[in-house]
Each structure stands twice: as structure tokens, then as C-alpha cells.
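Chemist:
Numbering (my numbering), first residue to last: 5 to 341.
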């Protein structure tokens with residue numbers, strides 16, 4: 005699922021080579037850019053305008069900003085990056101790949117946008133986030149972020165005490181059920197073709213979690229378009245106000261094939277993200293990743309923190325590269341940057 009937000013005033017791409025390009029304008033990307041801009045680095049954020057939490061009315065679980073609408077957080081983040089000289093460009097990356105290094109051997113990358121314009125950078129931070137892949141149940145996607153939720157910490161308080169259904173997608177849905185049971189006395193687990201052993205069924209029974217093994221055929225709506233429940237393949241309708249779904253999470257990597265980023269899988273086929281090491285480093289020299297693109301379970305606060313750490317590490321690496329180049333120039337080996 006990806007929802008595109010309204011375009012906003014976009015900065016122009018700079019000429020020449022910038023210190024860093026950040027691909028992705030969410031919490032991780034903007035915080036990484038903020039750290040770089042505050043270090044007087046030339047940095048450009050490329051933002052496609054389709055954050056994962058766009059359908060949500062408010063962001064939760066991040067102290068001080070709890071309850072703030074996601075667009076407001078991103079708007080303030082863009083303003084703060086720009087305050088320190090960073091640029092934010094509304095656009096879609098169609099290719100990102102290594103380019104010929106500088107005369108002193110420093111890395112270079114070329115990032116090209118859908119409009120054909122491009123920018124060259126010394127380092128790249130990938131903060132593209134992820135996309136949630138929902139089960140192919142008719143009517144489910146239209147309620148995403150409202151009547152259909154995925155995270156008990158992001159949405160749980162708002163749906164407390166309501167009739168909630170767990171639409172199972174695999175083993176992870178079992179843990180999902182126990183977390184949402186904390187929020188309501190009225191919880192139904194739709195196994196939807198997934199396996200439940202007898203031990204798990206006994207645990208569900210102990211918590212008064214109803215199990216429905218008949219597969220779900222589709223979502224039923226109220227007259228006002230809100231979610232009313234689900235229709236089973238036998239024709240029965242089970243009333244529910246909310247459905248919780250453990251989605252498959254996939255890092256957004258469109259246009260990034262040229263970087264040859266290493267990927268890693270979550271257990272039980274729950275997701276696939278970019279493999280990273282300390283501070284968001286990847287196996288690709290000069291490329292970092294932060295936020296949901298690499299940590300699929302990270303909420304806004306964790307993503308922002310990861311972006312800040314990656315941005316600081318990129319600045320440190322660039323400082324070393326600048327010093328190496330200055331020393332080589334001083335010794336007459338290469339021209340200074």
C-alpha cells in the first residue's frame with residue numbers, strides 16, 4: 005500500500021556534486037539530512053511524497069509528538085532541514101548508481117529522477133521506507149489505516165474496547181492476537197487458511213479469543229462506507245468494527261537496482277529489507293540505509309533516531325575523506341577538493 009500526499013514547494017536540484025543525497029523524505033531521511041545540514045554538509049533529500057503512514061490521522065508512540073498528524077511532522081521536518089541549508093526535492097528516483105570517482109579517488113554516485121534531471125553525490129543515504137502488502141481480500145485495502153490496522157502500538161488505543169478481528173496471514177498473527185486482546189474483550193481470530201495447533205487453540209480459549217476457521221471472502225461495509233465486518237465463504241457475516249492484519253513488509257527499492265543493495269528476509273515470510281551494519285552502513289561503499297527500509301518494525305521515533313545516527317556517521321566518513329584529500333594535496337600528490 006502506498007498513498008501519495010499532495011505536492012509541496014520543491015527546491016531545485018543543485019549543480020555540481022553534493023556531499024550527500026538522501027533518498028526518502030520520511031522521519032529517517034529528514035533526520036539524517038538534518039544532521040548533515042547542521043554539519044554544514046551540502047545535502048539533498050529526494051522525496052516521492054508517499055510515506056507509509058499517509059493514511060493515518062495521527063502518529064502515536066513518540067513522546068512529545070504523540071497525536072500529531074504525520075503531514076505536520078514531515079512539513080516541520082522539511083522546514084528544519086532547509087533552515088540549515090539543506091534542499092528538499094519532490095520527485096521520484098528512477099535510477100541510482102555509482103559514477104566515476106573524483107580525481108583523488110573519492111566516491112561518486114549519480115541519482116536520476118523521473119523528470120530526467122540528476123544530481124551527483126559523494127555519499128547516499130537510502131531511507132525509502134517500506135510498503136505493506138495486504139492479503140488479497142476484496143474490500144480490505146480501502147479501509148487501510150482506518151478500519152484495517154496493523155500495529156497495536158500505533159493504533160491500539162484508538163480502537164480499544166471495540167469488536168476487533170484478527171485476519172491471520174501466518175504465524176506472526178498469533179502474537180498479534182494476544183497483543184490486541186489486551187485492548188478489547190471482544191476479539192475474533194479468523195484463521196483464514198493458516199494453521200493453529202491445539203496448544204495455541206487452548207491458549208486462545210483461555211483468553212476468550214473466538215476462532216473462526218471458515219475462510220474470509222470479503223469485507224462488508226456500513227452504509228456510510230465504514231467497516232462493518234467480514235463475509236465468510238459460507239455466506240455468514242461476522243460483525244467487526246476493526247480488522248488487524250500482520251502485513252508482509254517490503255523495503256521500497258524501486259529505482260535502486262544500480263546500487264546492488266544487500267537484502268535480508270524476516271522469519272515466516274513476514275518481510276524483506278536492506279541488510280545493514282553499524283550506523284546503517286551497507287556492504288556497498290558509500291551507501292547507508294536507515295528507517296523502515298532496513299528496520300521493518302521501527303516506529304517513527306526509532307526511524308528518526310536511526311536516520312540521525314546514519315547522518316552523523318556519513319559526516320564522520322566525509323570528514324576523514326576531506327582530511328585525506330587535503331593531506332594528499334599538501335604533499336603534492338593530488339589537487340585539493
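Backbone N, C-alpha and C fix where the C-beta goes; we use that ideal spot for every residue, glycine too.
Keep in mind that this is a model prediction, so the values were computed, not measured.
Have a look at residue 163 and residue 307 and give me their C-alpha separation to the nearest angstrom.
Modeler: Each residue's alpha carbon lies about 24 Å from the other.
Chemist: Do residue 49 and residue 18 have their CB atoms nearer than 8 Å?
Modeler: The criterion of a C-beta distance shorter than 8 Å is not satisfied by residue 49 and residue 18.
Chemist: Give the DSSP-derived three-state secondary structure of residue 77 in the structure shown.
Modeler: helix
Chemist: List, from N- to C-terminal side, the alpha helix (DSSP H) runs of 4 residues or more that fit wholly inside the stretch 100-161.
Modeler: 156-159
Chemist: Please report the straight-line C-alpha distance between residue 240 and residue 220, rounded to a whole angstrom.
Modeler: 10 Å
Chemist: By how many angstroms is the C-alpha of residue 159 removed from the C-alpha of residue 182?
Modeler: 15 Å
Chemist: Count Cβ pairs between the stretch 258-272 and the stretch 91-107 that sit closer than 8 Å; are there 3 or more?
Modeler: Cβ pair count under 8 Å is three or more, so yes.
Chemist: From 281, 180, 192, 145, pick the residue whose C-alpha is nearest to that of residue 225; which is it?
Modeler: Of 281, 180, 192, 145, the residue nearest in Cα terms is 145.
Chemist: Give me, in chain order, the residues of the same chain whose beta-carbon lies closer than 6 Å to that of residue 287; leave out the 5 immediate sequence neighbours on both sides.
Modeler: 266
Chemist: Are the beta-carbon atoms belonging to residue 295 and residue 33 less than 8 Å from one another?
Modeler: yes
Chemist: For residue 281 versus residue 39, is the C-beta distance shorter than 8 Å?
Modeler: no
Chemist: With the cut-off set at 8 Å, would you say residue 311 and residue 36 are in Cβ contact?
Modeler: yes
Chemist: Three or more C-beta pairs under 8 Å: does that hold for the stretch 129-146 against the stretch 108-115?
Modeler: no
Chemist: Assuming residue 318 and residue 24 are in contact, meaning their beta carbons sit under 8 Å apart, how far apart are those beta carbons, in whole angstroms?
Modeler: Going by Cβ atoms, the distance from residue 318 to residue 24 rounds to 6 Å, so yes, they are a contact pair.
Chemist: Please report how far the alpha carbon of residue 299 lies from the alpha carbon of residue 253, in whole angstroms.
Modeler: 10 Å
Chemist: To the nearest angstrom, report how far apart residue 30 and residue 326 are at their CA atoms.
Modeler: C-alpha separation (whole angstroms): 29 Å.
Chemist: Does the beta-carbon distance from residue 168 to residue 190 come in below 8 Å?
Modeler: yes
Chemist: Residue 173: buried (16+ other C-beta within 10 angstroms of its C-beta) or exposed?
Modeler: buried
Chemist: Restricting to Cα atoms, I'd like to know which of 73, 14, 74, 135 is closest to residue 251.
Modeler: 135
Chemist: On the criterion of 16 or more Cβ atoms from any shown chain inside 10 Å, does residue 107 qualify as buried, or is it exposed?
Modeler: exposed
Chemist: Applying the 10 Å Cβ sphere with the 16-neighbour rule, what's the burial state of residue 56?
Modeler: Classification for residue 56: buried.
Chemist: Measure how close the beta-carbons of residue 242 and residue 192 come, nearest whole angstrom, since I'm counting them as under 8 Å.
Modeler: 6 Å
Chemist: Mind pulling the alpha helix (DSSP H) runs of 4 or more residues that sit fully within the stretch 11-53?
Modeler: 31-42
Chemist: Is residue 178 helix, strand or coil by DSSP?
Modeler: helix
Chemist: What are the start and end residues of the alpha helix (DSSP H) that includes residue 208?
Modeler: 202-210
Chemist: Consult DSSP for residue 90 and reduce its assignment to one of helix, strand or coil.
Modeler: Reduced to three states, the DSSP call for residue 90 is coil.
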